[in-house]
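Since the structure comes first, as structure tokens, the remarks are kept for the end.
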Amino acid sequence: MPPRALRTPLTLAVLSLLREGPRHPYEIQALVRERHVDQVVKMRGGSLYDAIGRLADAGLITAVTSERAGARPERTVYAITAEGAAVADALVRDYLRTPAQDFPVFVTGLAHILNLDAATAADLLRQRRTAIQATYDQVAGRLAADTADLPRVVTLEAEYAQALRVAEVAWLDRVIGDIDAGALPWLEPADVPPAGGT
């Protein structure tokens, strides 16, 4: 297995796209957007180019040619190596098999929700619900338009993300309803009993 810096979702995205065939970084970036991989893989600024550099340095991909179109700068075309394909396989297997311990900030907020009064907490959860629903609606429209010609298997990650949004909205509706109805007892932080009930 490669070093931790190369075991990232972005690394896997690059390796997977190069497994389909040699590409230059701009083409990889375009496919990431077209296939909505950017919804599940964090990409900022030059992170794609940095990842490509690290993958090339590690021998997981290799430059195969350079091409130029008109007056545009020369573009280096990369291909996956046998070692890169093996790493991609190992990452996919690990990601699918092993639940990761994520530390989402929302869950941290929930763990400390008693720092707020019930009305404020419910209002903030309503704002989150509105934002999640808006994202769902926006992505649903884009997916319908952009993926009509793509096989379902290449958009499973977007489908899964949408299913999580639906589940979160339903959960938020229940919790907000319980807070509003007084069915969720609200304690002052000092009144929370210690673990184990002692």
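For the sequence shown, position 63 (counting from the first letter as 1) is numbered 62 according to numbering that gives the first Met the number 0, and the numbering increases by one without interruption.
Backbone N, C-alpha and C fix where the C-beta goes; we use that ideal spot for every residue, glycine too.
Sorted by chain position, which residues of the same chain lie with C-beta nearer than 7 Å to Val-153's C-beta, five sequence neighbours on each side aside? Arg-34
Assuming Ala-84 and Arg-18 make a contact with CB atoms under 8 Å, what is their CB distance in whole Å? 6 Å
Please report the straight-line C-alpha distance between Pro-188 and Gln-126, rounded to a whole angstrom. 23 Å
Given this structure, state the Cα-to-Cα distance separating Pro-98 from Val-91, to the nearest angstrom. 12 Å
4-residue-minimum alpha helix (DSSP H) runs that sit fully inside the stretch 56 to 118, ordered along the chain: 81 to 96, 104 to 110
To the nearest angstrom, how far is the alpha carbon of Arg-71 from that of Thr-64? 16 Å
Is Arg-151 buried or exposed, if buried means 16 or more other CB atoms sit within 10 Å of its CB? exposed
Express the C-alpha separation of Arg-128 and Asp-122 in angstroms, rounding to a whole number. 10 Å
Closest residue to Leu-155 among Gln-38, Met-42, Arg-22, Phe-105 (Cα-Cα distance): Gln-38
Between which two residues does the alpha helix (DSSP H) containing Trp-170 stretch? 155 to 180
Check whether the Cβ atoms of Thr-107 and His-23 sit closer than 8 Å, and answer yes or no. no
Of all the options Ala-130, Thr-119, Tyr-25, Val-36, which has the alpha carbon lying nearest to the alpha carbon of Gly-45? Tyr-25
Exposed or buried, what is Leu-9 when buried is set at 16 or more other beta-carbons lying within 10 Å of its beta-carbon? buried
Same chain, Cβ closer than 8 Å to Ile-51, neighbours up to 5 away in sequence not counted: Val-13, Pro-24, Ile-27, Ile-60, Tyr-77
Using a Cβ distance threshold of 8 Å, determine whether the stretch 113 to 122 contacts the stretch 170 to 179, with at least three qualifying pairs required. yes
Residue nearest to Ala-133 in terms of C-alpha spacing, selected from Ala-89, Arg-164, Leu-115, Ala-110: Arg-164
Close Cβ partners of Val-31 (< 8 Å) along its chain, the five nearest in sequence each way excluded: Ala-12, Leu-16, Asp-37, Val-40, Met-42, Leu-47
Anyone know if the C-beta pair for Leu-109 and Val-191 falls short of 8 Å? no
I'd like the list of long-range same chain contacts for Leu-186, defined as Cβ closer than 8 Å, with 5 residues on each side in sequence excluded. Leu-113
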